[in-house]
Amino acid sequence: MAVAAGLTRGAVIYHYSSKNALWIALARDAIAQFHQAVQDRVEDGRAPGRLARAFIRASLEGDQIDAVGERLFLLAALAAAPGVPELVAEDGVRWKAEMAEDGLSLGARTVILNAVDGAGLMTGWGLKPDRAELVALRTELENLTTPGS
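Quick note on numbering: the sequence shown equals residues 1 to 149 in my numbering.
Structural data, given as structure tokens:
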């Protein structure tokens, strides 16, 4: 991380009260970046499934699944740091709560959240679904976002 920022390890750590504070800040940033990516894709209006469709687009458009895998693996690596598991758990609770307000069934919400994480984990393990699989996954998940289908 220090190299990517063009700094020494010491310079990066200097800006935080401890290494743990750095790990927590890194986890918060990864979570916040994904939330922003989803918010940037939310459609105008009040149609049911808007958030779910934005979540799917932020995860499965282009090569975004690579970013999903990187985020999940980063958070897993940081989970040994005190405070990080709680942040990740809070994020999961937040997604479930926000999706519950999106007007979709519990089953649809559960499938969408878990399918995206599953594809992201596969990608992180070097088992990235091919383009056709990602398109098929996106299509099936988007079908779940239209109430009554």
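All residues carry an ideal CB built from backbone N, CA and C; glycine is no exception.
- Within the stretch 48–98, the runs of alpha helix (DSSP H) at least 4 residues long that lie entirely inside it are, in chain order, 50–60, 64–78.
- CA-CA distance, ASP117 to LEU22, rounds to 25 Å.
- A direct Cα-Cα distance of roughly 17 Å separates ASP29 from SER59.
- Taking a contact to require three or more Cβ pairs closer than 8 Å, the stretch 41–55 and the stretch 93–102 qualify as touching.
- Assigned with DSSP and collapsed to three states, VAL111 falls in helix.
- Per DSSP, VAL42 lies in no alpha helix (DSSP H) segment and is marked neither H nor E.
- Residue environment: VAL93 is assigned as exposed (fewer than 16 neighbouring CB atoms within 10 Å of its CB, all protein chains considered).
- Excluding its 5 nearest sequence neighbours in each direction, LEU26 has C-beta neighbours in its own chain below 7 Å: LEU78, listed in chain order.
- Judged by DSSP secondary structure, LEU127 falls outside any alpha helix (DSSP H); it is assigned neither H nor E.
- Between ALA119 and ILE56, the gap from beta carbon to beta carbon reaches 8 Å or more.
- Between LEU72 and GLY126, the C-beta spacing is not below 8 Å.
- The Cβ atoms of VAL84 and ILE31 lie no closer than 8 Å to each other.
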